[in-house]
Structures are given as structure tokens and as C-alpha cells.
Amino acid sequence: MKKLLILLVTLVLAGCASLPTSGAPQEVARPANTGGGVVLDPQGPTPGSTPEALVTDFLRASAAGLSGDFTVARQFLTPEASARWDPTTEVRVYQDAQNPSISSTRTGAIRVSAAASATLDEAGRYTVATPDAILNSEFSLTRDANGEWRIAVLDQGMVVPSSIFTSLYSETTIYFLNSDRSSLVPEVRWYLTTSQATSAVQAVLAGPSSWLSPAAHSAIPSEARLTQRGVRVTDGVAQVDLSSEVASMTASDMMAMEAQISKTLLNLPGIQEVKLSSEGAELEFPSKIDLSAYQYASYTLAALADGAPATISGGEVSVLGDGGGLGLTHLATTYTEPVSRGAALGNDGTGLYEVRFDGSAPTLLARGTKLVAPSIDARGWVWSAEAASNGELIAVNLASGETKRLPLPYLQGLNVRSLAVSREGSRMAIVTDQKGEVQMNAVSILRDSGGAPTEIGAPLRFGQSLADVTDVAWVSDVRLAVVGRQSTSSTSSIHVVGIGTPTTSLAAVDGVVDLTAGRGLDTIIIQDNSNRLFSYDGAGWRLIADGVTAPALPG
1 MKKLLILLVT
11 LVLAGCASLP
21 TSGAPQEVAR
31 PANTGGGVVL
41 DPQGPTPGST
51 PEALVTDFLR
61 ASAAGLSGDF
71 TVARQFLTPE
81 ASARWDPTTE
91 VRVYQDAQNP
101 SISSTRTGAI
111 RVSAAASATL
121 DEAGRYTVAT
131 PDAILNSEFS
141 LTRDANGEWR
151 IAVLDQGMVV
161 PSSIFTSLYS
171 ETTIYFLNSD
181 RSSLVPEVRW
191 YLTTSQATSA
201 VQAVLAGPSS
211 WLSPAAHSAI
221 PSEARLTQRG
231 VRVTDGVAQV
241 DLSSEVASMT
251 ASDMMAMEAQ
261 ISKTLLNLPG
271 IQEVKLSSEG
281 AELEFPSKID
291 LSAYQYASYT
301 LAALADGAPA
311 TISGGEVSVL
321 GDGGGLGLTH
331 LATTYTEPVS
341 RGAALGNDGT
351 GLYEVRFDGS
361 APTLLARGTK
371 LVAPSIDARG
381 WVWSAEAASN
391 GELIAVNLAS
401 GETKRLPLPY
411 LQGLNVRSLA
421 VSREGSRMAI
431 VTDQKGEVQM
441 NAVSILRDSG
451 GAPTEIGAPL
461 RFGQSLADVT
471 DVAWVSDVRL
481 AVVGRQSTSS
491 TSSIHVVGIG
501 TPTTSLAAVD
511 GVVDLTAGRG
521 LDTIIIQDNS
531 NRLFSYDGAG
541 WRLIADGVTA
551 PALPG
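FYI, the numbering for the sequence shown is 1 to 555, going by full-length UniProt numbering.
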């Protein structure tokens, strides 16, 4: 791994060997890869280095330091700067496709600029950069007693190209508990692969991020820590040794803790079994509980046929309901098989209706001015909002008819395009726009002991790499399928966007107006502007139905 890292650093940063010494920013040429690159350990400062060359060599050494202790990188700093510099505070990632430029400022500082890709904070939270974001770092230098340039002032954290980041860091899903401990709630972090298991358990102990904490928690006492034994992985078995506080936990807390830690670690490569101990003594569990973070089975695809509820199987469309002459649109269905109930908009979006697949007429759930396409959670609550938001969400219980209007102040004055509740029901993705600026945000959903929503948490922005988004649907516990457009494209396509992950794109398709999804990419169903439905098969899009609208899998 170390040799691979050094080779990557050399190839990515070698273009900085010839740098401008003053004036406007200039692009540093990237050398061709001859296929026989020399592998070198990062070296300390070269005597007689110019400020620009010193900063370039420091960037190379600090990137290599991710696999070590940054000893070489600190040689480029004054003793005072070295004492202050914490490289782990933030990792700023720039795009490999564009070389960083280096220039001098009016004050004589050295500025490094590059197209930003993402940032990673000290807790491992990954934030994607907006399409036009520029990463800027400035370095002030001074001469030491020998007349050599050294860096005296620099930003905390470090700057690395995306190829180095992805070679050293691994996506890690941390699992917490929902309000009533009936399911797990995921949160993505990124950790150095060399310490991934230990970092993951430490994250479980620390609890969820502030945006998620209203709806998720850890069963583990806040005082609990990993002991010096930490997490050791041998022959596929992860042995986790925790401090003495966990030994006095209740049986239910202990089982919940085991579910959290095991689910988190069993997702990591090379781990097939997890054992927990406290101060070296193996913990005994009365039993183990199997909690899901993605409560999704196999369900029948539903849609609207001439405004009436229908199901689709084997390319055959079966009309099973009555549209009531309401001009129904935007269908959502419950987590039942066979499909029996759902919700849709009617009367030009002014009414939210319950629809049944037994031939009975739709019934009104809520009225509005212009409502957003509904989403139904696994507890039977139908969610919507005013498209021209009044700063609240609407939730209606299908079983009881109870209606809740839950404040969400950040929505005030925004246009809501789409919303989708996660499978475990503790998170929601919301798409908004304001004067052409489109954002995706995730919010947490706090519920009472009966599962009724009581509060919506503060938003966390994600998916910043997309310039436009019209619809979203969950495809895994941390990712959504998205109808959207990148800033470099004039047409929309399907993308896979994660909360705390990079965005990827699927095979292009024209004229997408609606989508739904279940579990995995092969469950994505799209509707085009000719009322045709297509499913994704890994390589492209396959026609599965014609003459129907509003495809719906549960959610």
C-alpha cells in the first residue's frame, strides 16, 4: 500500500515540479505516464528550494503522510507552525481532471487553487463540493536560521487529489437506533482503510451527527470507550473490547448495542463475525436481535392507467381501482403485498387522496393549493407539502385519518419539487428550488412511541454536484436514484446520489418525468414523456409497459 500511495502522489503532483514564481495563476502541466514511473519515498525539503517549490514538495509529503505520521511533511514547517498544524482536522479533496495552480499573492504568500471535489471533516463526514467550487489554500513562508524557506502559516487540515483520497479512505456506514429501537438508522462516514474498523466502532460510541440526532441514538453509555485492546481483526473475526461501563448495561441495551456494532462491522471487507468484550471479559447476550436498516421486501409495481390504480406484472397492466374522475397523478403505495392501498394527487394537485386497489373510489385525505407528490412511510403515514412552501410538511395517517402539520422553517419561501421518506422512516430527502437554485437536503423525523411523527430536524445539504433535480427515490439505506442534470449537461439523466458519498451516473435516457425504485439499481423504474415505463438492467433501459403513468413501488 505504501509503495502504491507514493507512486500515486508522485504521478498526481509531479506536474508541480516546474512552477511560476509570481504573477497570475498558471496551470501546471501534467506529465505523461510512461508506465515505468519511479517509486520514491517522500523527501524532506531540498536545500535552496524556492517558496513555490517548497509548497509543492510539502503538498506531496503531506499527502503521503496519510499512510504514516506526517513526520516528513512537518519538516517543511517552522517549529511553531508544526506545533499548530493538525492535518486530520479537514481533508480538502480536489479533482484529478484539473491540475492545481500555484501563484504568489500581493503579500508574498503562496496560493494553491484547484477545482474542489469534496471536504472531509475530522469526524469522517464527507461533503460534496458544488460544481463551481474552487479550493484555495494559502501558505506564508519565512526563512530559517540557515536561510532556507519554511512554511510559517498554513490552514489546518490538508489538500489531496481525489485519486489519493479514494486509494486511502473507505466509505463506512455507521448504524444507530431509531426512536423506538425497531430499526437501524445509517450514517455514512469515511475513514482511512488502515484503521477503518476502529474508527467505525468509535463513531458508534460517539453517536450520530447533529442533523440526525433528533431521530437516532446509540444504546451505549456515553462514557463507554474502546480499551487499549481496541478492535482486532483476526481470521475474519473482529474482537471489540469496550470499557467497563458496558458491563452494567441492561439486557435490552446490550442487545441493541450488539446489533449496532455488528451491523456496522459486518459491512466491512474481511469481517465475518463480531465478538464483544469488556475489559477483556467476553460479553454474554441473552439473545441477539436482527434490526433492519432497509425494510424492503419484494413488491408489485403499481401505476395509474387512465387515472385509475393499476398493477404491472410481466408487461401486463391490470386496472384494479377507480380513479373517481379526479385526474389522479403522482401515485405512492404502502408496504403491503399484494398492493392494496396508496395515495395520489387529484383535482390538479389541490387534493391528496387515498386510493385503493379493490375498485372503491378515492377518499380525500388533505386539501392544498398545489401539493407535492406524496411519499408513504412504512408506518402508514402519507407525506406531502405545498409546492410553494409555507414552511411545513403534511403527514396523514392512512389508518386513522389523523393529520399533522409539522413545521420545517427552512422551507419557507422555497418551491418544493420532491420528497421521499427513507425505508426506516427516520429520514427524508427533500428537493427544493429558489429562483433556479436547486438543493437536495436530508432531514430527520422524530416520532413518538406509537410511530407518529412529532418533529422534523434541521436540514443537511447533499448532492451538490448536480445543477438540477426533479425527482428522487431511495435505492439503498444511504443512496437515492435521482432525475437530475449536471452543470455540464443540458439534459437530465438518472444519477445515484448518497448522503455523504460521491454522485455516480447511469446510462443516459431522454425525457424522464417520473421514477420509482425499490432495493438496488436494478429496481429503478422510470417514466418518459411518452408514458412509457423502463427498468434499469445494469447496462441500459428496458421497456416494460406503455400507456401508463406514475410508476410506484412502496414509499
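Beta carbons: idealized from backbone N, C-alpha and C, even for Gly.
Note that the structure is predicted; figures quoted are calculated from it, not measured.
Cβ-Cβ separation, residue j to residue i (assumed contact under 8 Å), whole Å
i    : j    : result
D414 : A442 : Here residue 414 turns out to be Leu, not Asp, going by the sequence shown. Actually they do not touch by this definition, with Cβ atoms about 15 Å apart.
I261 : V204 : 6 Å
A550 : L301 : The pair is not a contact, with the Cβ atoms about 11 Å apart (cut-off 8 Å).
G351 : R341 : Contact doesn't hold; Cβ gap of about 17 Å is too wide.
S444 : R427 : 6 Å
Local conformation of residue i per DSSP, three classes
i    : result
T234 : strand
P79  : helix
A550 : strand
W541 : strand
I164 : helix
G484 : strand
L398 : coil
S535 : strand
Y175 : strand
V475 : coil
S426 : coil
S67  : helix
Y299 : coil
I134 : strand
V339 : coil
I499 : coil
V443 : strand
I524 : coil
D144 : coil
K275 : strand
A24  : Model confidence at A24 stands at a pLDDT of 34, short of 50, so the residue's coordinates are unreliable and nothing is read from them.
F58  : helix
R519 : coil
Cβ pair residue i, residue j closer than 8 Å
i    : j    : result
P214 : E187 : no
V512 : D522 : no
A123 : Q95  : no
L506 : I494 : yes
L543 : D471 : no
Y296 : R447 : no
A303 : V548 : yes
L408 : G425 : no
M255 : S287 : yes
D510 : T488 : no
M440 : A458 : no
V93  : S162 : yes
I134 : S103 : no
T78  : I151 : yes
P100 : V72  : no
S218 : A293 : no
When the options are compared against residue i, the one with the closest alpha-carbon
i    : options                   : result
Q412 : A387, V421 and A399       : A387
G48  : F76, T71, V382 and P42    : F76
L265 : A200, A545 and S244       : A200
L345 : R125, G108, S375 and F70  : S375
Q196 : R111, A219 and V231       : V231
L533 : G324, N136, S287 and I312 : I312
L393 : S384, A399, G401 and E437 : S384
F285 : V497, S248 and G147       : S248
S140 : Y126, M257, Q98 and L54   : L54
N397 : T173, A118, E354 and D86  : E354
N267 : Y175, K370, W211 and T105 : Y175
P338 : S103, R356 and G327       : R356
R181 : V496, T71, E258 and P554  : E258
P362 : A395, V372, G327 and T336 : G327
E148 : T71, T50, V93 and R125    : T50
A420 : E138, G555 and V112       : G555
T88  : V153, R125, T142 and E52  : R125
S422 : A481, L364, L120 and L365 : A481
Neighbour flag for residue i against chain C, beta carbons, 8 Å
i    : result
L352 : This model lacks chain C altogether; it includes just one protein chain.
| message | Pairs of beta-carbons, one from the segment 318-330 and one from the segment 270-285, closer than 8 Å: are there three or more? | response | Output reads no: the segment 270-285 does not touch the segment 318-330.
| query | So, do the segment 62-73 and the segment 157-176 have three or more beta carbon pairs nearer to each other than 8 Å? | reply | yes
| task | Determine contact between the segment 49-60 and the segment 151-167, defined as no fewer than three beta-carbon pairs at a distance below 8 Å. | result | yes
| task | Could you say if the segment 231-243 and the segment 256-272 meet the contact criterion of at least three C-beta pairs nearer than 8 Å? | result | yes
| Validate contact between the segment 188-197 and the segment 432-446 using beta carbons, cut 8 Å, 3 pairs | no
| request: Spell out a yes or no on whether the segment 125-138 and the segment 464-484 are touching, meaning 3 or more CB-CB pairs, one atom from each, closer than 8 Å. | output: yes
| On the three-pair Cβ rule with 8 Å, is the segment 534-544 touching the segment 224-231? | no
| message | Between the segment 443-456 and the segment 467-478, can you find at least three pairs of beta-carbon atoms closer than 8 Å? | response | no
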